[in-house]
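Undergrad:
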Amino acid sequence: MNSIDGSVWKRRSKEICCDDDKSQLLVASIKKKNKNKNKKTVNQGTRTEYPLLRFEDLPEYMKDNEFILNYYRADWPLKQALFSLFRWHNETLNVWTHLIGFVVFVGLTITNVMHVPQVSQFLNLLTWSFPLGPGANASHNSIMDTPKLIDLKHESPLDMDIGPPLLAATRWPFFVFLGGSMFCLLSSSTCHLFGCHSHHLNLLLLQMDYVGITIMIITSFFPPIYYIFQCEPIWQFVYLGGITAMGVFTVITLLAPALSSGKFRSFRAFLFMGMGLFGLVPAVHAVVVNWHEPQRNGILAYETAMAVSYLTGTMFYISRIPERFKPGWFDLAGHSHQIFHCFVIMGALAHYGAALVFLEFRGQVGC
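Residue 357 in my numbering sits at position 278 of the sequence shown, with consecutive numbering throughout.
Written as structure tokens, this is what we have:
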């Protein structure tokens, strides 16, 4: 190769290198521009508003449901995340459904602290709030027509033959359930509201949410197990100890960060369902022991409503129906997680009704 050819080859090599450098700089510039575009804010007076993103623009830790396409928040400051409580996005109803449920259970707790709860009051509230069909009316009548509950309906708390020591001793499992329900509902709302802040906080809040669900399941066992087996403390210990041990195992398992991702949704759901299905053992035991009690049908109606609500909600949670069939249609309202939240509240209220029956029955007949 002569000197002229060598000079041309060197010049072309430099041009190619320069072109490669320019290409790399251009690609980096485009990536930076897109990143800044996603984080771009809009000033409206003195308020800074953050844009809502599409699914494909999200960081990996936020990609949970590919059938919800729009209206995501990502990497928002805590202040903006808090104010988004009053802004429409795909988590708005997830936050509000359980936040309203939390307020309802706070009200129930305050009411029950102030006076002895009555089944008839709760049933009348449900009848006023939700019109009953023929099947529901039959269940309502089966509860209200039992002799002991009729007596309870017409007696004031002062007329009942329940001394203060017995009342104080028998009400704490009822408040344990209410406390567990409130913690679950509040932790869920907090997770959905602030999970958009950062990867670290998102993981922490998800774990808190799983702990809240576990606590709600455990505490739901306290009223029925305590009141049904109040005269048999060994069975109280066996069943309450069993569900508590299952809850501890579930929490330890779900604290693994890898299990918080969307692909383990079904695994998490089956863990929680396994805890709930454990209740079949003491339930069958209780039915056999108390077969001739008049409250049996009423309690079974409540607990069946609770089980159906929880299982139906879980099926929506796992299947991602209806957004699976129409991606993008249910981004703001009507997607599976919102439906799941509604069924959780209905199940908790049904169990509250059963707990009232347990409490009044045990307070009336003693041990």
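Glycine included, C-beta positions come from ideal geometry on N, C-alpha and C. Being a predicted model, the structure only gives us computed values, none of them experimental.
Would you mind stating whether L323 and I304 have Cβ atoms separated by less than 7 Å?
TA: Translated into the one-based positions of the sequence shown, residue 323 becomes position 244. Translated into the one-based positions of the sequence shown, residue 304 becomes position 225. As written in the sequence, residue 323 is Thr, which differs from the Leu given in the question. In this structure, I304 does not lie closer than 7 Å to T323 by Cβ.
Undergrad: Could you name the residues of the same chain whose beta carbon sits closer than 8 Å to that of A365, not counting the 5 residues immediately before and after it, in chain order?
TA: Translated into the one-based positions of the sequence shown, residue 365 becomes position 286. Cβ neighbours of A365 beyond the five flanking positions: P303, I307 and F308.
Undergrad: Let me check understanding here. Comparing Cα to Cα, which of I331, E139, Y150 and L350 lies closest to P406?
TA: Here residue 406 refers to the residue found at position 327 when the sequence shown is read from its first residue. Of the listed residues, the one whose Cα sits closest to P406 is Y150.
Undergrad: Which term fits R133, buried or exposed, when burial requires 16 or more other beta carbons within 10 angstroms of its beta carbon?
TA: Position 54 of the sequence shown, counted from the start, is the residue given in the question as residue 133. R133 comes out exposed.
Undergrad: Are the segment 130-146 and the segment 262-272 in contact at 8 Å, needing three or more beta carbon pairs?
TA: Flag = no, the segment 130-146 and the segment 262-272 do not touch.
Undergrad: Is T393 buried or exposed, if buried means 16 or more other CB atoms sit within 10 Å of its CB?
TA: On the sequence shown, position 314 is the one that residue 393 refers to. It is buried - the Cβ of T393 has at least 16 other Cβ atoms within 10 Å.
Undergrad: Going by the beta-carbon positions, is the gap between R152 and C275 smaller than 7 Å?
TA: Taking the first residue of the sequence shown as 1, we reach residue 152 at position 73. Taking the first residue of the sequence shown as 1, we reach residue 275 at position 196. Yes, the Cβ-Cβ distance between R152 and C275 is below 7 Å.
Undergrad: Distance, Cα to Cα, V174 vs D288?
TA: Looking up residue 174 in the sequence shown gives position 95. Looking up residue 288 in the sequence shown gives position 209. Answer to the nearest angstrom: the Cα atoms are 12 Å apart.
Undergrad: Is N376 close to chain B, meaning its C-beta is less than 7 Å from at least one C-beta of that chain?
TA: Absent from the structure is chain B; it holds one protein chain and no more.
Undergrad: Identify every residue that forms a DSSP beta bridge with L187.
TA: Indexing the sequence shown from 1 puts residue 187 at position 108. According to DSSP, which records beta bridges pairwise, L187 is partnered with nothing at all.
Undergrad: Using 10 angstroms around the beta-carbon of V436, count the other beta-carbons present and answer buried if the total reaches 16, otherwise exposed.
TA: If you number the sequence shown from 1, residue 436 lands on position 357. V436 should be labelled buried.
Undergrad: Nearest CA to the CA of I397: which residue from F404, P312 and F343?
TA: The residue given as residue 397 occupies position 318 in the sequence shown. If we check each option's Cα against that of I397, F343 comes out closest.
Undergrad: Which class does L148 belong to by DSSP, given the choice of helix, strand or coil?
TA: The count along the sequence shown starts at 1 and reaches residue 148 at position 69. Here L148 sits in coil by DSSP.
Undergrad: Alpha carbon to alpha carbon, what distance is there between F256 and S299?
TA: The count along the sequence shown starts at 1 and reaches residue 299 at position 220. The count along the sequence shown starts at 1 and reaches residue 256 at position 177. If I take the Cα positions, the gap works out to 5 Å.
Undergrad: Here's the rule: buried if 16 or more other CB atoms are within 10 angstroms of the residue's CB, otherwise exposed. What is E382?
TA: Here residue 382 refers to the residue found at position 303 of the sequence shown. Looking at its Cβ environment, which holds 16 or more other Cβ atoms inside 10 Å, E382 is buried.
Undergrad: Please identify the residue among V360, V290 and Y318 whose C-alpha is closest to the C-alpha of F328.
TA: Here residue 328 refers to the residue found at position 249 of the sequence shown. The shortest C-alpha separation from F328 is found at V290.
Undergrad: My output table needs one value for L132: the three-state DSSP class, helix, strand or coil.
TA: In the sequence shown, residue 132 corresponds to position 53, counting from 1. Of the three classes helix, strand and coil, the one that applies to L132 here is strand, per DSSP.
Undergrad: What span of residues does the alpha helix (DSSP H) with F419 cover, start to end?
TA: Within the sequence shown, residue 419 is the residue found at index 340, counting from 1. Start and end: S415 to V444.
Undergrad: Report the option in E139, V367 and E128 whose CA atom is closest to the CA atom of S277.
TA: Here residue 277 refers to the residue found at position 198 of the sequence shown. Ranking the options by Cα distance to S277, first place goes to E139.
Undergrad: Does DSSP put F357 in a helix, a strand or coil?
TA: Position 278 of the sequence shown, counted from the start, is the residue given in the question as residue 357. F357 falls in the coil class under three-state DSSP.
Undergrad: Just the C-alpha distance for V330 and T293, rounded to the nearest angstrom, thanks.
TA: Locating residue 330 in the sequence shown gives position 251, counting from the first residue. Locating residue 293 in the sequence shown gives position 214, counting from the first residue. Roughly 7 Å separates the two Cα atoms.
Undergrad: When the Cα atoms are used, what is the spatial distance from V360 to Q315?
TA: As a first step, residue 360 is located in the sequence shown; it is residue number 281 there, counting from the start. As a first step, residue 315 is located in the sequence shown; it is residue number 236 there, counting from the start. Distance between the alpha carbons of V360 and Q315 is about 13 Å.
Undergrad: Could you spell out where the alpha helix (DSSP H) holding Q309 opens and where it closes?
TA: Here residue 309 is taken as the residue at index 230 of the sequence shown, counted from 1. Taken as a continuous stretch (DSSP letters only), Q309 belongs to no alpha helix (DSSP H), as it is neither H nor E.
Undergrad: To the nearest angstrom, report how far apart G326 and L350 are at their CA atoms.
TA: Taking the first residue of the sequence shown as 1, we reach residue 326 at position 247. Taking the first residue of the sequence shown as 1, we reach residue 350 at position 271. So the two alpha carbons sit approximately 9 Å from each other.
Undergrad: Under 8 Å by Cβ, that's how I've got A412 and L178 pegged, so tell me the actual separation to the nearest angstrom.
TA: The count along the sequence shown starts at 1 and reaches residue 412 at position 333. The count along the sequence shown starts at 1 and reaches residue 178 at position 99. A412 to L178, Cβ: 16 Å. No contact.
Undergrad: Taking C-beta to C-beta, are R399 and S415 nearer than 7 Å?
TA: If you number the sequence shown from 1, residue 399 lands on position 320. If you number the sequence shown from 1, residue 415 lands on position 336. Yes, the pair counts as a contact, with Cβ atoms nearer than the cut-off.
Undergrad: Looking at M261: is its Cβ nearer than 7 Å to the Cβ of F181?
TA: Here residue 261 refers to the residue found at position 182 when the sequence shown is read from its first residue. Here residue 181 refers to the residue found at position 102 when the sequence shown is read from its first residue. Their beta carbons are under 7 Å apart, which means M261 touches F181 by this criterion.
Undergrad: Taking just the CA atoms, how far does H420 sit from F409?
TA: As a position in the sequence shown, residue 409 is number 330, starting the count at 1. As a position in the sequence shown, residue 420 is number 341, starting the count at 1. Taking the straight line from one Cα to the other gives about 15 Å.
Undergrad: With distance defined between alpha-carbon atoms, name the residue in M193, H430, Q286 and E372 nearest to F301.
TA: Here residue 301 refers to the residue found at position 222 of the sequence shown. Of the candidates M193, H430, Q286 and E372, the one whose C-alpha sits nearest the C-alpha of F301 is H430.
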